[in-house]
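Remarks on the structure that follows.
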Amino acid sequence: MIYNAIDLARFLNKNYGALISFDYLSKNTGLDKDSLKSLLQEVCAIGLNLAIKDSSVKVLSKIEFLDKDYIYKNIKGRGRIEVLDCIDSTNNELMRRAENLVSGDCLLAEYQTAGRGRRENRWKGALGQQIMLSFSWEFSSLEELKFLSLAVGVEIASALSELGFSDIKVKWPNDLYLDDGKLGGVLVETMPCGNKVIAIIGVGLNFLDIKSADIDRKVSYLNIRNLNISRNDIAILIINALHKACNNSAEKQFHKYIEDLSRLDYLLNKSLSVDTGSEVIYGTAKGISEDGELILEDISLNLHYIKAGHII
C-alpha cells in the first residue's frame, strides 16, 4: 500500500497548486472514488500536505524528490548511488547487501518504514522532509572506527557551516543539534569481512519541519532559517562529508576531530545522567577525550571516561 501511496504522491506533486478532480485522478490511476480517498489518506499520513474535498484534492506543499543522477554527478569520491522510494531501513538493506558492497556505496530512501537510531529507537520518517541514507566503507581494523561516529557529525556540521549554519553542534556520541533541537543522528554498525571491517553509517537529517505527536523531544530542521537550499544538494553535502570522515578515520587522523569537538561540543558544561549499561553516572560534561570518550566530572570532582552510554 505504501508504494502505491508514494506513486500517487509523485503524481500529485507534479500538479502542485492545482485543484485536481477525483475524475481526473481516477482516469490516471484506475481507482474508484472510495479507493482514491483511502489512498489519499495514506499519502497524507506519509507526509504530503493535502487539502482533500468531496470531489477534488489540492497539494499544499511541494516535495523535492531525490535525483540519483544529479547526486552521483556531484559527489566527490568513488561509490555507487541508489535511491529507493521505500525501504524498512537503509542500514538494514546495506547490511543485507554486505557481500557486494564497496567503499563509498550509498543508499538513499524517500521513506523508511522502520528507520532505526541507537538503542533500536525509531527514526520517524516523513516523505520529502528528511534526508535518510546509509553509506558503506571498508576499514582495516576496528581501531580506525573509534572516532567514526563523532567524525561524521563533525564533518557534516562543518560542511553545513559553509551554508550559514555556523551554530550546529555535535552531541556525543552521534547526534547533531541546531537551536537546541535535534537536527539529525548517526548510526554506525559494523560487520567482519575477512580480516577487515565493513562499517555501515546511517544518517538521518531533518530538512523540513516534522509535525508529529509521536515525537516527544524538541526537533530542529534546516529550513528553519528559511534559506533557499536544495534537498538534493544537502544529500550531496552529507555524502561528501562521509567520504572525508571515512578517509580521515582510515588514516587515523583523529586529532583533527578532537580539536573541532572543543568548539562543537553540545554537551560541554551541561549536567548529565549517563547510563553506561552497568551503572548510571551523574555529573558535568567536561569534553571529549583523545579516545573519543565522554568526560564526566561527578560531584566529588572525579573524572569518568565513558566509552559508550545513553544520556538519560
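Position one of the sequence shown corresponds to residue 2 (the numbering used here), numbered consecutively onward. Cβ atoms here follow ideal geometry from the backbone N, Cα and C, with glycine treated the same way. Fair warning: this is a prediction, and the values are worked out from it, not measured in the lab.
Decide if N303 is buried, meaning its Cβ has at least 16 other Cβ atoms within 10 Å, or exposed. As a first step, residue 303 is located in the sequence shown; it is residue number 302 there, counting from the start. So N303 counts as exposed.
To the nearest angstrom, how far is it from the Cα of E65 to the Cα of A309? Walking along the sequence shown from the start, residue 65 turns up at place 64. Walking along the sequence shown from the start, residue 309 turns up at place 308. The alpha-carbon atoms of E65 and A309 are separated by roughly 37 Å.
Could you tell me the alpha carbon to alpha carbon distance between M133 and L109, rounded to whole angstroms? Counted from its first residue, the sequence shown places residue 133 at position 132. Counted from its first residue, the sequence shown places residue 109 at position 108. Using only the alpha carbons, I get a separation of about 6 Å.
Does the structure place the region 92-104 close enough to the region 174-181 that three or more beta carbon pairs sit under 8 Å? Contact fails: fewer than three Cβ-Cβ distances are below 8 Å.
Which partner residues does F140 have in the DSSP bridge list? Here the question's residue 140 lines up with position 139 in the sequence shown. The partner list for F140 (beta bridge, DSSP) reads V198.
Which one of L184, A251 and A127 has the shortest CA to CA distance from Y222? For this step, residue 222 is matched to residue 221 along the sequence shown. Among L184, A251 and A127, the Cα nearest to that of Y222 is on L184.
Own chain, CB closer than 8 Å to V281, minus 5 neighbours either side, in chain order: Along the sequence shown, one-based indexing puts residue 281 at 280. Once the five neighbours on either side are set aside, the close Cβ partners of V281 are S274, V275 and I313.
Counting pairs of Cβ atoms below 8 Å between the region 51-69 and the region 10-27, do you hit three or more? Output reads yes: the region 10-27 touches the region 51-69.
Determine the contact status of S330 and D106, defining contact as a CB-CB distance below 7 Å. One cannot answer for residue 330 here, as it falls past the ends of the chain, which runs 2 to 313.
H311: which of S290, T277, K271 and G293 sits nearest, CA to CA? As a position in the sequence shown, residue 311 is number 310, starting the count at 1. Closest by alpha carbon: T277.
Distance between N207 and S62 (C-alpha atoms, nearest Å): As a position in the sequence shown, residue 62 is number 61, starting the count at 1. As a position in the sequence shown, residue 207 is number 206, starting the count at 1. Looking at the backbone, the Cα of S62 and that of N207 are separated by about 16 Å.
Kindly confirm or deny that the region 161-169 and the region 252-259 touch, where touching means at least three C-beta pairs closer than 8 Å. When C-beta atoms of the region 161-169 are compared with those of the region 252-259, fewer than three pairs fall below 8 Å, so the two segments do not count as touching.
When the Cα atoms are used, what is the spatial distance from C87 to V198? By one-based count along the sequence shown, residue 87 stands at place 86. By one-based count along the sequence shown, residue 198 stands at place 197. C-alpha separation (whole angstroms): 28 Å.
Secondary structure of V103, DSSP reduced to three states: To locate residue 103, count along the sequence shown from 1; it is residue 102. V103: coil per DSSP, three-state reduction.
Looking only at its chain, what residues have a beta carbon closer than 8 Å to the beta carbon of I239, apart from the 5 residues adjacent to it on each side? Translated into the one-based positions of the sequence shown, residue 239 becomes position 238. So the list reads I132, L134, I157, A160, V204 and L206, once near-sequence residues are dropped.
Which whole runs of the beta strand (DSSP E) in the region 32-93 are 3 residues long or more, in chain order? List check, beta strand (DSSP E) in window: 51-53, 57-60 and 82-88.
Are the beta-carbon atoms belonging to A200 and L146 less than 7 Å from one another? Your numbering for residue 200 matches position 199 in the sequence shown. Your numbering for residue 146 matches position 145 in the sequence shown. Yes, the pair counts as a contact, with Cβ atoms nearer than the cut-off.
When you compare each of E139, E291, K77 and G182 to G195 by their alpha carbons, which one comes out closest? Numbered from its first residue, the sequence shown carries residue 195 at position 194. Ranking E139, E291, K77 and G182 by CA distance to the CA of G195 puts E139 first.
Rounded to the nearest angstrom, what separates I76 and K59 at their Cα positions? Stepping through the sequence shown from its first residue, residue 76 is reached at position 75. Stepping through the sequence shown from its first residue, residue 59 is reached at position 58. For I76 and K59, the gap between their C-alpha atoms comes out near 35 Å.
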